[in-house]
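Notes follow once the structure below has been shown.
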Amino acid sequence: LAFWIIGYGFVQAFSPRLIKQFHRGRGADATTALQMVSLLTLVPAGIALFLYFDFNPQIVIIAGLTVFAFVFAINSSLHSYLIVSWSDNDKIAMNVGFYYMANAAGRLAGTLLSGWSYQKYDLTGCLLVSSLFLIIATMATFKLKRV
């Protein structure tokens, strides 16, 4: 768990550099958000697919969650940057507060839903429910203003 948290922090710290390299020096924007949430959507779906086809579950889960943590950390850093970048100067504190409030509510709902879906549908079903919600997030990202 300590390695997970430390690694997550390192990825978040280096996310701006990774994004700039990926975009050849250009900063993050709505297209970056769409690309990253789309990539994140593929990870739990991929884990579920590998589990469905009876690949070694220990390897699939450890490798899959490592990839998920990496992509999720970049997404988290990207969202924090975009909230501040897109806020009016006099509304930054309010927008950041709303973002963190929504983030906490989403984590609570996700925790409850993942517990329920795991009990009802097992790990593969839980991962597919997660993928469904990430697809919804991807569709919502299409509504972000393109600059």
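Residue numbers for the sequence shown follow my numbering, beginning at -19 and rising by one.
All C-beta atoms in this analysis are idealised placements derived from N, C-alpha and C, irrespective of residue type, glycine included.
Owing to the predicted nature of the structure, the values given are computational and were not obtained by experimental measurement.
DSSP, read as helix, strand or coil, puts asparagine 36 in coil. Contact annotation: the segment 102 to 111 does not touch the segment -4 to 5, with fewer than three C-beta pairs closer than 8 Å. Three or more beta-carbon pairs drawn from the segment 6 to 19 and the segment 49 to 63 are found closer than 8 Å, and the two stretches are therefore classed as touching.
Just so you know, the alpha carbons of isoleucine 115 and aspartate 70 end up roughly 33 Å apart.
Residue state for alanine 8 is assigned as coil, using DSSP reduced to three classes. For serine 111, the uninterrupted alpha helix (DSSP H) segment begins and ends at 72 to 121. Within a 10 Å sphere around the beta-carbon of phenylalanine 30 sit 16 or more other beta-carbons, which makes this residue buried. Between the alpha carbons of isoleucine 27 and threonine 104 lies a gap of roughly 8 Å.
Distance from the CA of phenylalanine 50 to the CA of glycine 44, rounded to the nearest whole angstrom, comes to 10 Å. Taking a 10 Å sphere around the C-beta of leucine 58, we find 16 or more other C-beta atoms and assign the residue as buried.
Following the DSSP letters along the chain, one finds serine -5 inside the alpha helix (DSSP H) bounded by residues -18 to 2. In this structure, valine 23 lies away from phenylalanine -6, with their beta-carbon atoms at least 9 Å apart.
In this structure, valine 17 lies away from alanine 84, with their beta-carbon atoms at least 9 Å apart.
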